[in-house]
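Residue numbers (our numbering): 37 to 405. Glycine included, every Cβ here is placed at the ideal spot set by N, Cα and C. Source: prediction; values computed, not measured. Notes to accompany the following structure.
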Amino acid sequence: MGVNKDNYAIRCLIPDLPTLPDLLPYLERIDQNRWYTNFGPLVLEYESRLAEISGAGGMGGQCVALASGTSALELAIAALNLPAGARVLLPSFTFPATLLTVLRNGLQPVFVDVDAHCWTLTPAIARTALQSRRYDLILPVACLGLPLPEAAWDVFTQETGIPVLMDAAAALGCQRIGKTTHAAFSLHATKPLGVGEGGVFATSDPDLAERVRRLSNFGFSQGAVVYPAATNAKLSEYAAAVGLAQLARRPALLARRRSIWAMYRAALQDLPGVSLQPFADATPPAVLSACLTVAAEQAAWALGQAGIETRRWYAPPLHRHPAFTGIEWAKSANEGGLSVTEHLYRYSLGLPFHAFLSHEDIHSITDKL
């Protein structure tokens, strides 16, 4: 039997959101404005700040704050105006929301394997998939917060004419958008700059941003509905207040996460049988997963007995979910179908990674590994 969740001495993930003193100045502004939703002043300020950190602002683009990361991705796909049944290439090694946004837009998803080094869908993998058939959208995922190479994806779009939309749910603050490469981010409480629940769409294309904004507000334009597939996915002023407070805390949050990442790397980089994603010192992971040479399930049980909570991120991968078993797979360069995805499913294990870990905690975790 495993350890009861409440009895873990070291938790895998603890959200780090603003406290009441952090929030009060922004809540007072809401009281003064008496404006609570529908693109209020705090939301607009928050979007402007997000445009700075995502790179959208420097390209004349915009960010749109939304009710969830799933909404951001779903409305971004809708705003691209792809034809019904258009084929979308995406990894199976991701959270179900990535796929659900494709299905809800009436498009045809096709799974592809990820790179064994970075665990992501790369431009090279996409080019291999294109050798056997055409795709209308590429949907790479910033796996566990690892930034995607936006410049390389820009080149891919220039060469193929295929749009690229990054599911960068866990990568807000470190993922930059490209000249033609768009991104959707999550503001869920578990993310490094979370607000509780929310999402962001970032793009260099102001017209595309405006379509997403209208799609999030019932499809209205000048008092009339012009987008029949629209919904209500606006971010409230209260959520924006949390977001602005988080951005004020961002330097301290990032410094702490960098410190924890540095401690982990020092402890794990020479440990036999453990491999990590190639995160840079300056861009620590949103959550930490290690690929082991023993089964993740076995390692999770052993760590649990020691009071250390772990998680199986993206387990099972999408192609193993009962609802998604009929979805097509693309050909991979390794001719192994989804072999890397299957390997990560069996051997990758999420280790504790959050701002409240001590040096002693990390030593205990790595010692048990």
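- Item | First and last residue of the uninterrupted alpha helix (DSSP H) at PHE192 | By 1-based counting over the sequence shown, the position of residue 192 is 156. Where PHE192 is concerned, the enclosing alpha helix (DSSP H) starts and stops at 186–196.
- Task: Have a look at the DSSP bridge pairing and note the partners of ALA220.
- Result: As a first step, residue 220 must be located in the sequence shown, where it is residue number 184. Paired residue(s): ASP203 and PHE237.
- Residue interval of the beta strand (DSSP E) (run including ALA101): Start at 1 with the first residue of the sequence shown, and residue 101 comes out as number 65. ALA101 -> beta strand (DSSP E) spans 98–102.
- Message: Just to confirm the assignment, what range does the beta strand (DSSP E) spanning SER384 have?
- Response: As a working mapping, residue 384 is identified with position 348 in the sequence shown. Per DSSP, SER384 belongs to the beta strand (DSSP E) from 384–387.
- Item | Straight-line gap, LEU380 to SER272 (C-alpha atoms, nearest Å) | Residue mapping note: residue 380 aligns to position 344 of the sequence shown, counting from 1. Residue mapping note: residue 272 aligns to position 236 of the sequence shown, counting from 1. Each residue's Cα considered, the two are about 38 Å apart.
- Cβ separation of THR156 and PRO176, assumed to be a contact under 8 Å, to the nearest whole Å: Along the sequence shown, one-based indexing puts residue 156 at 120. Along the sequence shown, one-based indexing puts residue 176 at 140. Indeed, because the Cβ distance is near 6 Å, the residues count as touching under 8 Å.
- Local conformation of VAL261 per DSSP, three classes: Counting from 1 along the sequence shown, the entry for residue 261 is found at position 225. In the three-state DSSP reduction, VAL261 falls in the strand class (E or B).
- Message: Please list the terminal residues of the continuous beta strand (DSSP E) segment that includes VAL278.
- Response: Within the sequence shown, the letter at position 242 stands for residue 278. From DSSP, VAL278 is part of no beta strand (DSSP E) but of the alpha helix (DSSP H) over 273–304.
- Mind reading off the beta-carbon distance from THR73 to LYS215? Whole number of angstroms is fine, and I expect it under 8 Å. By one-based count along the sequence shown, residue 73 stands at place 37. By one-based count along the sequence shown, residue 215 stands at place 179. Not confirmed; about 33 Å, so no contact.
- Message: Assuming the contact rule is C-beta atoms closer than 8 Å, GLY343 and ILE46 should be a hit. Round their C-beta distance to whole Å, please.
- Response: As a position in the sequence shown, residue 343 is number 307, starting the count at 1. As a position in the sequence shown, residue 46 is number 10, starting the count at 1. Contact flag correct, Cβ pair sits at about 6 Å.
- Mind reading off the beta-carbon distance from PHE315 to LEU184? Whole number of angstroms is fine, and I expect it under 8 Å. If you number the sequence shown from 1, residue 315 lands on position 279. If you number the sequence shown from 1, residue 184 lands on position 148. Not really, about 13 Å apart at Cβ, beyond 8 Å.
- Take PRO119 as the anchor and find which of HIS395, SER252, VAL138 and LEU109 has the nearest alpha-carbon. Mapped onto the sequence shown, residue 119 falls at position 83. Answer by Cα proximity: VAL138.
- Task: Identify, in the order they occur along the chain, each residue of the same chain with its Cβ nearer than 6 Å to the Cβ of PHE389, setting aside the five sequence neighbours on each side.
- Result: The sequence position of residue 389 within the sequence shown is 353, counting from 1. Correct list, in chain order: VAL323 and LEU324.
- Message: If you follow the beta strand (DSSP E) that SER325 is in, where does it begin and where does it stop?
- Response: For the purposes of this step, residue 325 is identified with residue 289 of the sequence shown, where counting begins at 1. Run containing SER325: 324–328, per the beta strand (DSSP E) assignment.
- Item | Buried/exposed call for PHE392, threshold 16 Cβ in 10 Å | Numbered from its first residue, the sequence shown carries residue 392 at position 356. Exposed is the call here.
- Give the secondary structure of LYS404 by DSSP, where H, G and I count as helix, E and B as strand, and everything else as coil. Locating residue 404 in the sequence shown gives position 368, where the first residue counts as 1. Three-state result, LYS404: helix.
- If you compare alpha carbons, which of ALA266, PHE221, ALA112 and ALA152 is closest to ALA178? As a position in the sequence shown, residue 178 is number 142, starting the count at 1. It is PHE221 whose Cα lies nearest to the Cα of ALA178.
- In three-state terms, what does DSSP make of GLY232? Taking the sequence shown and counting its residues from 1, one reaches residue 232 at position 196. In this structure, GLY232 counts as strand in the three-state DSSP scheme.
- Item | Local conformation of TRP337 per DSSP, three classes | Your numbering for residue 337 matches position 301 in the sequence shown. TRP337 falls in the helix class under three-state DSSP.
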